[in-house]
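Here is the structure we will look at, set down as structure tokens.
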Amino acid sequence: MASQSGSIQSANSCYSFPPGFIWSTATAAYQIEGAVFEDGRAASTWDRFVTLHGKIDDNSTGDIACDSYHLYATDIELLKKLGVQQYRFSISWSRVLPSGLIDSVNEKGVEYYRKLIAELKRNGIQPMVTLYHWDLPLALADRGGWLNPEIVGWFGNYARFCFATFGDQVNPVKHFITLNEPWSQITFGYCGKIHAPGGFYENCDWTGYLAAHHFLLAHATAYHIYDSEFRSTQKGSIGITNIGVWFEPETPSDKDAARRALEWQFDWLTRPIFHPDGNYPEEMIKKIAEISRKENRCVSRLPSFTQEQVDFVKGTADFLGLNYYFSLMAREERPEEHDNDRGTADFLGLNYYFSLMAREERPEEHDNDRGVFQTDAGIVETQNLKWKQIGPANSWLRAYPEGFRKLLNHVKSNYNNITVMITENGCMDTPGEELNDETRISYLSEHLQMLSLAINEDHCNVIGYTLWSLMDNFEWSSGYTFRFGIHHVDFDDPKRKRTSKKSAKWFKETIARNAVVVDFDDPKRKRTPKKSAKWFKETIARNAVVVK
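Just so we're aligned, residue 458 is where the sequence shown starts under the working numbering, counting upward by one.
Spelled out as structure tokens, the structure:
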């Protein structure tokens, strides 16, 4: 890996991107579409979850959201003005297949996506379609959802339907993503209390691992369907989106803890697909099996792949979609910390450190709610309070752009430098900035600078970048209290008026230059000679090196 000592503040550097680099932005169906009761759409897990008192910070819902079901043409105008080459959006499974099964096709839902795709293509924007972005049809959730092994077949049939319906039309989709961040769905939905479906809190010592197992098998099933039935005619690509959190050791002696933290968070759902050997990380398999034996279990809490399944899952992606927002610190747990019963509280400990936010943790907090993931891995995760906090006082996001570059180098080194598409990166608004979102511009600029260095100096195989998000939307358990968009949405306006923020104008110029804009506030782009310029001028005049 090349040196990372180059300052991200260096305004004279040219943080450029290769010719053909893909610029994109993204949304997700439940977060923007609204129209949850219109035209035959059936309920998803989120339609139920938002009705449970206290689950959403502002007690809001996605019933209307950005109303993109009716305003998709307006959204495309925003995309066109930005100059993006690609738009990543998701399909609402229950809008096209209300029961979740292929015996109940909702033609009005299908027509909505056909019109959206056709309009994107007419405006020269390639659609990148995510098949599943956390909104499972409620009918399937009530049959066990991702804990039911039958979901592998259900998802496979849904994927086949989407490939046939949206990949073979007059304006075909060429790029599909099977799943968005299964890790987050597991963490917050099948173990935590803050995402749909919820209800598995007391059993997350095993529900998270089982759901992950089915996610991987379902993804592989969809890939093989595309590869064998559609690739030869559609000539497209298919991948999966995983979220990555980089971990720094809390002290020099905690390097192994940081490695294990990354293994449990990122490699767990990446290695089975992208490593030549497939399967879960070896240490993870052994460690959870040993812990399970000590718990007097007959089998490991981490389900096993047969060799046939290992071969079935590995190699099942043309690219890795990578989402990155933040990094964490990790240290070895103390012996007494492992003996506390935290296993049913918070699978990966995210609820715990989100609760810490910007304040120092109290000593007694190390002994509470740390989560199955951290106890199984034998680690403790914390935030680095020296990293810049982004957003309001209760924000969970601390910026560490260097972690973005390090994570990409981890992918390069451990997964044969596979093709990577950045499918999400962004941050929430900072209070008081409103449309003049300077903090977001700084966050995006610094992360894009690290991405440029990863591509140009480290030779990481990254083909494009997707900003989250095109516009403010329903931000899951945060409701409308966190705004991630580069376009402001007035949720008090029945017409859901969109207004460009300063970051939208900055992103537009970045796309046009195919390079990070670091002089955005100077309309004349003033150039000031540095001492080195004067030295070089004299060297030229002398035709000899000036050494004085």
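Just so it is clear, CB atoms sit at the ideal spot from N, CA and C, and this is done for glycine as well. Given the structure is predicted, the values throughout are model-derived calculations rather than measurements.
Expressed to the nearest angstrom, what Euclidean distance is found between the alpha-carbon atoms of residue i and residue j?
i	j	result
P858	E752	40 Å
Q691	H510	45 Å
W992	F964	35 Å
G860	N874	17 Å
C523	M928	8 Å
Y782	K650	21 Å
S749	N628	51 Å
K952	V553	25 Å
A677	E890	44 Å
N971	C471	10 Å
S689	G624	12 Å
R728	K771	8 Å
V702	W640	11 Å
Y900	E765	44 Å
P888	V1002	53 Å
G602	I608	7 Å
D520	I489	9 Å
M885	L597	32 Å
Y589	Y544	16 Å
T512	N841	The amino acid at residue 512 is misidentified as Thr; the sequence shows Lys. K512 and N841: Cα-Cα distance of roughly 27 Å.
K869	N893	36 Å
M907	R955	30 Å
D976	S935	33 Å
Starting from the Cα of residue i, find the closest Cα among the options and give me that residue.
i	options	result
H652	L636, L535, S689 and D514	D514
L593	G828, N893 and R498	R498
E576	L535, F762, C661 and S909	L535
V973	S902, I997 and K771	S902
W480	W703, S926, K565 and I682	S926
S685	A621, E881 and H590	A621
S561	W550, Y569 and R571	W550
P733	Y647, G581, G848 and V767	V767
P792	L777, T832, R754 and S761	T832
F731	L842, K631, R955 and L777	L777
Y615	T698, V567, G656 and A969	V567
N872	L726, F762 and T896	Looking at the sequence itself, residue 872 is Tyr, so the reference to Asn does not match. Looking at the Cα atoms, L726 is the closest of the given residues.
S957	E966, T967, D950 and V946	V946
Among the residues of its own chain, which have a CB less than 6 Å from the CB of residue i, if the five just before and after it don't count?
i	result
F612	A675
T587	S547, I634 and N637
W503	Y487, D592 and A653
I879	L779, Y922 and T923
G800	Because G800 carries a pLDDT of 40, less than 50, the predicted location of this residue cannot be relied on, and no value is offered for it.
I643	G665, A668 and A669
F723	G701
F939	M885 and E932
H904	P858, F861 and N882
I559	N614 and F618
What is the DSSP secondary structure of residue i, counted as helix, strand or coil?
i	result
K994	helix
Q846	strand
E818	Unreliable positioning characterises E818 in this predicted model, as indicated by a pLDDT of 38, which lies under 50. The coordinate reading is nonetheless provided below. Residue state, collapsed to three classes: coil.
W703	strand
I634	strand
A856	strand
I419	Nothing about residue 419 can be read from this structure; the chain reaches only from 458 to 1005.
V1004	coil
E838	strand
S556	coil
Y402	Shown here, the chain extends from 458 to 1005; a query on residue 402 therefore has no answer.
I682	helix
Taking 7 Å as the limit between beta carbons, can you name the residues of its chain near residue i, skipping five residues before and five after?
i	result
Y937	D515, S517, F931 and F948
A530	E576
I912	F474, P475 and V919
A961	L539, I943 and H944
S784	V702, W703, F704, E705, Y857 and G860
F687	F620 and G624
R819	With a pLDDT of 38 at R819, under the threshold of 50, the modelled position of that residue is not reliable, and no figure is offered here.
Can you check whether the C-beta of residue i is within less than 8 Å of a C-beta belonging to chain D?
i	result
V1004	Included in the structure is just one protein chain, with no chain D present.
By Cβ distance below 8 Å, which residues in the same chain neighbour residue i in space, the five residues on each side in sequence not counted?
i	result
V756	S749
N866	M458, A911, D915 and C917
Y680	T635, I695, T773 and A774
A746	S757 and L759
N580	I533, L536 and K537
R717	E740, A787, A834, G835 and I836
For the ligand NAD, is there a heavy atom less than 7 Å away from the beta-carbon of residue i?
i	result
L509	You won't find the ligand NAD in this model; it holds no ligand whatsoever.
What are the start and end residues of each continuous alpha helix (DSSP H) run of 4 or more residues lying completely inside the segment 477-546, in chain order? 486-489, 502-506 and 525-539
Inside the segment 758-800 only - alpha helix (DSSP H) runs reaching at least 4 residues: 764-770 and 792-795
Uninterrupted beta strand (DSSP E) stretches inside the segment 849-907 (no shorter than 3 residues): 877-881
Could you tell me which whole beta strand (DSSP E) segments of length 3 or greater appear in the segment 930-983? 944-946 and 955-957
3-residue-minimum beta strand (DSSP E) runs that sit fully inside the segment 597-630, ordered along the chain: none
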